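Asker: Note that full-length UniProt numbering gives residue 269 to position 269 of the sequence shown, counting from 1, and the numbers run on in steps of one.
We put the CB at the ideal spot given by N, CA and C, even for glycine.
What you are looking at is a predicted structure, and each value in this text was computed from that prediction instead of being measured.
Have a look at this one before I ask anything.
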Amino acid sequence: MIQALTRTITHDLDRWYNSTNRKPLLLRGARQTGKTWIVNAFGASHFDHVARIDFMRDVDARALFDGNLTTDTLLRSIEIYTGVPVRAESTLIFLDEIQECPRAITALKYFCEDAPDYHVVATGSYMGISRHEEVSFPVGKVDMLTLHPLTFAEFLTNAGQSALAGLIREGDISSVPTAFSPRLTELLKTYMMVGGMPEVVLAHLNGASAQETRANQLAILDSYDLDFSKHAPTRLLERIRLVWRSLPAQFAKENRRFVYGVVRPGARARDFKESLMWLEDYGIITRVPCVSALRAPLSSYADPAVFKLFISDIGLLGALADLDPAVVLNGSAIFTEFKGAFTEQLVCQQLVAQQYSPYYWANPQGHAEVDFAVEQYGTIYPIEVKAAVNLRAKSLHVACDRFHLDRAFRMAMTDYRDKEWITNFPLWAAIGLHAYLERTE
1 MIQALTRTIT HDLDRWYNST NRKPLLLRGA RQTGKTWIVN AFGASHFDHV ARIDFMRDVD
61 ARALFDGNLT TDTLLRSIEI YTGVPVRAES TLIFLDEIQE CPRAITALKY FCEDAPDYHV
121 VATGSYMGIS RHEEVSFPVG KVDMLTLHPL TFAEFLTNAG QSALAGLIRE GDISSVPTAF
181 SPRLTELLKT YMMVGGMPEV VLAHLNGASA QETRANQLAI LDSYDLDFSK HAPTRLLERI
241 RLVWRSLPAQ FAKENRRFVY GVVRPGARAR DFKESLMWLE DYGIITRVPC VSALRAPLSS
301 YADPAVFKLF ISDIGLLGAL ADLDPAVVLN GSAIFTEFKG AFTEQLVCQQ LVAQQYSPYY
361 WANPQGHAEV DFAVEQYGTI YPIEVKAAVN LRAKSLHVAC DRFHLDRAFR MAMTDYRDKE
421 WITNFPLWAA IGLHAYLERT E
């Protein structure tokens with residue numbers, strides 16, 4: 001029985017702990033990605049005491065930050081409230097669900113300036129929303145990390161495949177023997193059904209059936225819907241739900257571009273602009289804008305009105321779309337479901353977890369389209385995603401010729417192969433792209 005999952009973000013927490021320029025740490029992420037568990041485990045392994053305040057449950061604790069925000073006053077109040085001795089070297093101050101207490105967000109600035117020796121970690125499920133509500137956010141006064149659902153490499157590690165996971169995570173794709181491709185393909189299909197939400201992954205690894213896995217995913221979706229009701233502005237609630245529930249239909253289209261008319265017939269951008277922003281800030285959708293040119297910086301060529309939407313977790317997408325979990329057992333059907341949209345979702349999720357901001361390019365003079373484009377150290381890398389074993393790359397040819405790009409990636413269920421200008425990159429290696437480029441460029 002697996003009691004806990006191994007997460008790579010623990011290495012980032014270790015680096016923060018050992019940093020000589022440490023600031024209060026804000027750990028962001030969507031609900032139920034494991035933020036509280038990670039920080040509690042970090043506290044238990046690095047400190048004698050953890051002084052935790054959960055602003056979601058401990059409503060009275062919010063009053064601790066109503067008055068004077070001097071650090072001496074706050075440290076004393078936290079010690080009294082939690083009953084835990086607060087010491088600079090031996091105590092972790094853990095402010096959980098800090099978005100529920102805007103004054104506590106402001107207080108992070110004073111912890112940084114006046115109490116730099118203390119270890120302060122805050123978690124927030126939808127910090128972006130707080131920023132839009134006139135919160136005095138401590139820009140430049142906090143270190144920030146984002147916790148995503150488990151990546152495929154993390155899934156492999158917890159499934160007993162740590163050696164393979166290490167090669168992929170380190171970008172050493174050429175060292176993965178082709179004999180392991182069938183195993184990696186089967187594990188990837190399972191990952192696409194299970195997803196990366198910690199509770200779902202842990203239950204799966206402990207023997208949960210496909211039906212139980214789906215039930216766990218639906219429970220998370222239900223909790224998101226409750227959060228919509230609790231936290232969204234009343235005037236936006238219906239529209240937020242309409243956008244969220246339209247995502248499977250958006251994925252089923254041949255052209256993945258987000259269409260407002262799919263959300264509601266006759267709808268226009270201005271009707272749903274705020275709703276989309278709210279879902280982005282909540283952390284459960286990713287907007288991939290269309291660029292007019294594959295040149296650096298990509299953000300300068302983005303059209304904010306034209307974009308694709310992806311969800312934070314591929315397993316939750318399957319549940320939202322009511323995809324039969326048994327599809328995962330049906331050959332390679334999972335890769336072609338929804339016209340390959342699930343495969344694009346897989347790649348997008350792995351790119352975002354590597355801190356990429358993905359874009360896409362569509363040729364206005366033809367049918368060529370590059371599924372994703374990422375930027376690394378000023379160089380643009382176009383990526384074509386293939387749902388099946390298909391080695392044609394016409395769109396990549398067009399893009400590379402037009403924008404004078406030297407290297408492109410084709411991600412498909414093929415073995416690794418590095419040619420002159422194009423690299424065949426197995427789908428199971430998508431999470432290793434950043435490290436691969438570090439090794440080879």
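Would you call the region 153 to 170 in contact with the region 291 to 298, where contact means no fewer than 3 C-beta pairs closer than 8 angstroms?
Answerer: Contact fails: fewer than three Cβ-Cβ distances are below 8 angstroms.
Asker: Specify, as a first and last residue, the run of the beta strand (DSSP E) that residue 371 falls within.
Answerer: Your numbering for residue 371 matches position 371 in the sequence shown. Where residue 371 is concerned, the enclosing beta strand (DSSP E) stretches over 369 to 376.
Asker: Is DSSP giving residue 81 helix, strand or coil here?
Answerer: Position 81 of the sequence shown holds residue 81. Reduced to three states, the DSSP call for residue 81 is helix.
Asker: On the three-state DSSP scale, how would you describe residue 198?
Answerer: Looking up residue 198 in the sequence shown gives position 198. Residue 198 falls in the helix class under three-state DSSP.
Asker: State whether the region 27 to 41 contacts the region 194 to 207, with contact taken as three or more CB pairs (one from each stretch) at a distance under 8 angstroms.
Answerer: Yes: at least three Cβ pairs fall under 8 angstroms.
Asker: If you follow the alpha helix (DSSP H) that residue 289 is in, where does it begin and where does it stop?
Answerer: As a position in the sequence shown, residue 289 is number 289, starting the count at 1. Segment 285 to 291 is the beta strand (DSSP E) holding residue 289; no alpha helix (DSSP H) there.
Asker: In this structure, how does DSSP classify residue 49 when only helix, strand and coil are distinguished?
Answerer: Here residue 49 is taken as the residue at index 49 of the sequence shown, counted from 1. Residue 49 falls in the strand class under three-state DSSP.
Asker: To the nearest angstrom, how far is it from the Cα of residue 264 to the Cα of residue 17?
Answerer: Here residue 264 is taken as the residue at index 264 of the sequence shown, counted from 1. Here residue 17 is taken as the residue at index 17 of the sequence shown, counted from 1. Looking at the two C-alpha atoms, the distance is approximately 48 angstroms.
Asker: Can you tell me where the beta strand (DSSP E) holding residue 344 begins and where it ends?
Answerer: For the purposes of this step, residue 344 is taken as residue 344 along the sequence shown, with counting starting at 1. Careful: residue 344 lies outside any beta strand (DSSP E), inside the alpha helix (DSSP H) at 341 to 353.
Asker: Thinking just about the alpha-carbon of each residue, which of 379, 335, 437 and 340 is nearest to the one in residue 190?
Answerer: Looking up residue 190 in the sequence shown gives position 190. Ranking the options by Cα distance to residue 190, first place goes to 335.
Asker: Could you please give the first and the last residue of the uninterrupted beta strand (DSSP E) stretch that includes residue 308?
Answerer: By one-based count along the sequence shown, residue 308 stands at place 308. Note, residue 308: beta strand (DSSP E), 302 to 311.
Asker: Can you tell me whether DSSP reads residue 330 as helix, strand or coil?
Answerer: By 1-based counting over the sequence shown, the position of residue 330 is 330. Coil at residue 330, not helix or strand.
Asker: Please classify residue 421: does DSSP put it in a helix, a strand, or coil?
Answerer: Here the question's residue 421 lines up with position 421 in the sequence shown. Of the three classes helix, strand and coil, the one that applies to residue 421 here is coil, per DSSP.
Asker: On the CB-based measure, 16 or more other CB atoms within 10 Å of its CB, does residue 156 come out buried or exposed?
Answerer: For this step, residue 156 is matched to residue 156 along the sequence shown. Residue 156 is buried by the Cβ-count criterion.
Asker: Let me check one thing: in DSSP terms, what residues is residue 325 bridge-paired to?
Answerer: Here residue 325 refers to the residue found at position 325 when the sequence shown is read from its first residue. Bridge partners of residue 325: none, in fact.
Asker: Check for me: the alpha helix (DSSP H) holding residue 397 runs from which residue to which?
Answerer: Residue mapping note: residue 397 aligns to position 397 of the sequence shown, counting from 1. 394 to 403 is the span of the alpha helix (DSSP H), which, as asked, contains residue 397.
Asker: Please return the same chain residues whose Cβ sits closer than 8 angstroms to the Cβ of residue 380, not counting the five positions on each side in sequence.
Answerer: Taking the sequence shown and counting its residues from 1, the one referred to as residue 380 is at position 380. For residue 380, where only same-chain residues beyond five positions count, the Cβ hits under 8 angstroms are 294, 295, 296, 298, 373, 374, 403 and 405.
Asker: May I have a chain-ordered list of the alpha helix (DSSP H) segments no shorter than 4 residues that lie completely inside the region 182 to 240?
Answerer: Correct list: 198 to 205 and 210 to 231.
Asker: List in chain order: all unbroken alpha helix (DSSP H) runs of 4+ residues lying wholly within the region 100 to 126.
Answerer: If we require 4 residues or more, the alpha helix (DSSP H) runs fully inside the region 100 to 126 come out as 102 to 114.
Asker: What span of residues does the beta strand (DSSP E) with residue 95 cover, start to end?
Answerer: Stepping through the sequence shown from its first residue, residue 95 is reached at position 95. 91 to 96 is the extent of the beta strand (DSSP E) around residue 95.
Asker: For the region 5 to 17 against the region 96 to 113, are there 3 or more C-beta pairs whose distance is under 8 angstroms?
Answerer: These segments do not touch.
Asker: Taking just the CA atoms, how far does residue 61 sit from residue 377?
Answerer: Numbered from 1 along the sequence shown, position 377 holds the residue referred to as residue 377. Numbered from 1 along the sequence shown, position 61 holds the residue referred to as residue 61. The straight-line gap from Cα to Cα measures roughly 44 angstroms.
Asker: Could you tell me the distance, in whole angstroms, from the CA atom of residue 484 to the CA atom of residue 441?
Answerer: Past the edges of the chain, shown from 1 to 441, lies residue 484, and the structure says nothing about it.
Asker: Apply the 10 Å Cβ neighbour rule to residue 48 and answer buried if 16 or more other Cβ atoms are within range, or exposed otherwise.
Answerer: Locating residue 48 in the sequence shown gives position 48, counting from the first residue. When all chains shown are included, residue 48 counts as exposed.
Asker: Whole angstroms are fine: how far does the CA of residue 21 sit from the CA of residue 415?
Answerer: Position 415 of the sequence shown, counted from the start, is the residue given in the question as residue 415. Position 21 of the sequence shown, counted from the start, is the residue given in the question as residue 21. Each residue's Cα considered, the two are about 43 angstroms apart.
Asker: Could you pull out every residue in the same chain whose Cβ sits closer than 6 angstroms to the Cβ of residue 166, ignoring the five residues on either side in sequence?
Answerer: Walking along the sequence shown from the start, residue 166 turns up at place 166. Excluding sequence neighbours, residue 166 sits near nothing in its chain.
Asker: At the level of alpha carbons, what is the spacing between residue 216 and residue 422?
Answerer: Here the question's residue 216 lines up with position 216 in the sequence shown. Here the question's residue 422 lines up with position 422 in the sequence shown. Answer to the nearest angstrom: the Cα atoms are 40 angstroms apart.
Asker: Roughly how many angstroms lie between the CA atoms of residue 213 and residue 319, to the nearest whole one?
Answerer: Within the sequence shown, numbered from 1, the residue matching residue 213 stands at position 213. Within the sequence shown, numbered from 1, the residue matching residue 319 stands at position 319. Going by the C-alpha atoms only, they are around 10 angstroms apart.
Asker: Assign residue 177 to one of three DSSP states: helix, strand, or coil.
Answerer: The count along the sequence shown starts at 1 and reaches residue 177 at position 177. Reduced to three states, the DSSP call for residue 177 is coil.
Asker: Can you give me the C-alpha to C-alpha distance between residue 359 and residue 290, rounded to a whole angstrom?
Answerer: As a working note, residue 359 is residue 359 in the sequence shown. As a working note, residue 290 is residue 290 in the sequence shown. Spanning the two alpha carbons is a distance of roughly 6 angstroms.
Asker: Which two residues bound the contiguous alpha helix (DSSP H) that contains residue 361?
Answerer: Translated into the one-based positions of the sequence shown, residue 361 becomes position 361. Unbroken run through residue 361 is the beta strand (DSSP E), 359 to 362; no alpha helix (DSSP H).
Asker: Tell me the DSSP bridge mates of residue 28?
Answerer: As a first step, residue 28 must be located in the sequence shown, where it is residue number 28. Residue 28 pairs with 124 and 146.
Asker: How about residue 151 and residue 343: are their beta carbons less than 9 angstroms apart?
Answerer: Within the sequence shown, numbered from 1, the residue matching residue 151 stands at position 151. Within the sequence shown, numbered from 1, the residue matching residue 343 stands at position 343. Going by C-beta atoms, residue 151 is not nearer than 9 angstroms to residue 343.
Asker: Output the boundary residues of the alpha helix (DSSP H) element that contains residue 277.
Answerer: Reading the sequence shown from its first residue, position 277 is the one you call residue 277. Taken as a continuous stretch (DSSP letters only), the alpha helix (DSSP H) holding residue 277 covers 269 to 282.
Asker: Please return the same chain residues whose Cβ sits closer than 7 angstroms to the Cβ of residue 43, not counting the five positions on each side in sequence.
Answerer: Indexing the sequence shown from 1 puts residue 43 at position 43. Closer than 7 angstroms at the Cβ level, and outside the excluded window around residue 43, lie 50, 92 and 94.
Asker: What residue from 201, 172 and 24 has the CA that sits closest to residue 1's CA?
Answerer: Looking up residue 1 in the sequence shown gives position 1. Minimum Cα distance to residue 1 is reached at 201.
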